[in-house]
Amino acid sequence: MMKQNIVNKLNKIIKKYLESYGLVDESKLSIKIPPKNIDADFATNIAMLIAKKNGEDYIIVAKKISNDIIKKNPNFIEKAEVLPPGFINLHIKKEIFYKEIFKILKEKNKYGKLYKKHNEKIIFEFVSANPTGPLHIGHGRGAVIGDSLSRILSYLGHNVTKEYYLNNVGNQILNLAESTKNCYKQLVINDKLNFSKNEYKGNYIVDIAKRLIEKYKNITEIDFQKETVKEILKMIKNDLKSLDVKFDNWFFETKLAINKDINGKTEVDKICEYLISKNYAYIKNGALWLASSKFGDDKDRVIRRSNGRYTYFASDIAYHKNKFERKFTKLINLWGADHHGYIKRIKACIQMLGFNQEALKIIIYQFVSVVRDGGVSVAMSTRTGEFITLKSILDEVGKDTCRFLFLLNTANSQLEFNVDLAKKQSIKNPVFYIQYVNARCNSIIKKCKNKKNITTNIKNINFNLLNTNEEKKLIKHLTEFCNILSLSEKTMSPHYLATYLVELADKYHTFYEKCQVLSDNLDLTSARLKLVESVIIIIQNGLKLLGISCPNKM
RNA sequence: GCGCCCAUAGCUUAAUUGGAUAGAGCAUUUGACUACGAAUCAAAAGGUUGAAGGUUCAACUCCUUCUGGGCGCGCCA
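Just so you know, we're using the working numbering here: the first sequence kicks off at 7 and counts up by one.
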């Protein structure tokens, strides 16, 4: 939390000027790391705010304030410069950065980790793909973003439970079971396979049917619904496992929509009764409608059809209620872009249940399209069987590359996954670029193991010897790790960490070319070795949070 | 028709959420392996940030309109 500490300190210093000039509004005040082309540690726009209010010259005010800051904080600020249009750029004393490197070396794989920081209990729901087929590449994106983000949140002291909600009830499941059954029958009489329009197609259905033929002698013994879901669930879990994604809990819809209490009522029954009693639900044309438009939804929604059967949405209400009943105080849902229309209605429900809708945070990720040498295949439809399975991609490009390509971009824009390029670049690939840093570092460490007269005690290292631009940039970048984690936390976007690691690798490789680590100058060698060690720590911590391996040899 | 998201270099994209000269990678051109791993580095070239207005000292970022793309709008899930 080095950046935060400095910002807090600077805030105190700078706010005094705001007050002395009678400015109350702090919302436009910024203290942040300047763009890369600016040589400074921090920058503030305070002078422009003040000058604007008083109608004074930006530069003159900036110079006045910056001079004053230097004079009053000699132990903290190295120098301050004014650049047009009126920024004050601050250089922090080098020792503060060295201290942070100390901290990295000392805390190692726990550097940046926070403990018991939050009282809230988070439930993070993601993937939740229907058990009607194997996961496709779009689900993969959700799985990776959700998994990496929850790793980051946990690392920052949040109490996170990762949950997969399984819709194992309803028409789609009946339909699925029917598909397997038909396939089974046709296979038994050795018929040519024919699927009707609404049935699920795909080799996995045939595989399941074949397995059932082996397992059972008579069709009457088979519970097709149970068996099919079981088999598909096995597939989904396998796919997630090879992506290195693990859930803490699998929540079955049957628990809400099928299981009954001693009064013969399901959770869904009960929630509907509650909603009716509160006048949040009403009967129209024989169906039960939720008055969600009262709470910001575009229109009211049917939760129980006139034929008496509940909609999927009814279970969803019960599910979110259940999350609160399990004492979760913050709900995070990661949804594919096709679900954006559900945000308003589910937020409406949460208000009806008497909870704060702010407790629910919904992250939407846009779709993935797959490109192969020119041709684009987009539609990921489980029903038609036209989709690219996550497994096939994993088999082709590997877990690390797959995860990283999902993590490098913001969730908010559509992702074009170029399989051929990912394969071709398997050597020249951003993941390898980062992993190579670790390999190079470890190679150096190994090489100097037998060297004598190297200083290993951090306290005796003279970091002032690390004087080149490459070293200074590398040090500064290392110290931004915590800042990046909290940015990812704040924006719920793990991609900041991914791009940060690419930049770190970039800075390390430059350093590596320019600065020979092992040399006759023992003091310098010792200092550079410590720098290399801290690079290893950050790279390993970072990749671990992204769920990517970090081999010492490649 | 209504709603959500997107549009940045030839391609894939970033920009710490309103800051300074819009950063990378791939592809192209040039140079560097008898020093710690060349899966690397150095350099060149490539941009009116889809268009037009507006707000602001400051706009890729916010507002309005338009164009193009994705997705969603059922008593489907």
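In this text, a Cβ means the ideal position worked out from N, Cα and C, and glycines have one as well.
| Asked | Found |
| --- | --- |
| DSSP state of residue 374 mapped onto helix, strand, coil | strand |
| Residue 448 beta carbon less than 7 Å from that of residue 558 | yes |
| From 62, 406 and 85, residue whose alpha carbon lies closest to that of residue 582 | No answer is possible for residue 582: the residues shown for the chain start at 7 and end at 560. |
| Opening and closing residue of the beta strand (DSSP E) in which residue 506 lies | From DSSP, residue 506 is part of no beta strand (DSSP E) but of the alpha helix (DSSP H) over 501-520. |
| Residue 108 vs residue 464 beta-carbon contact at 7 Å | yes |
| Run of the alpha helix (DSSP H) containing residue 157, from where it starts to where it stops | 143-161 |
| Simplified DSSP state of residue 310, which is helix, strand or coil | strand |
| Nearest-angstrom Cα separation, counted from residue 322 out to residue 170 | 13 Å |
| Nearest residue (CA-CA) to residue 554, options 423, 406, 249 and 69 | 406 |
| Classification of residue 106 by the beta-carbon crowding that lies within 10 angstroms, buried from 16 upward | buried |
| Anticipated Cβ contact below 8 Å, residue 59 with residue 88, distance rounded | About 18 Å separates the two Cβ atoms, so there is no contact after all. |
| Backbone secondary structure at residue 115 - three-state DSSP | helix |
| Limits of the unbroken beta strand (DSSP E) element including residue 337 | 336-342 |
| CA nearest to the CA of residue 62, picked from 328, 372 and 92 | 92 |
| Three-state class that DSSP yields for residue 326 in the structure shown | helix |
| Where residue 359 falls: helix, strand or coil (DSSP) | coil |
| Between the CA atoms of residue 540 and residue 524 - distance to the nearest angstrom | 16 Å |
| Sufficient close CB pairs (3 or more, under 8 Å) joining the region 401-416 to the region 144-156 | yes |
| Reduced DSSP secondary structure (H/G/I, E/B, other) of residue 169 | strand |
| Pair within 7 Å by beta-carbon distance, residue 277 and residue 324 | yes |
| Residue 452 versus residue 483: straight-line alpha-carbon distance, rounded | 24 Å |
| Residue 259 and residue 181 closer than 7 Å at C-beta | no |
| Segment contact flag, the region 122-136 with the region 333-346, C-beta cutoff 8 Å, min 3 pairs | yes |
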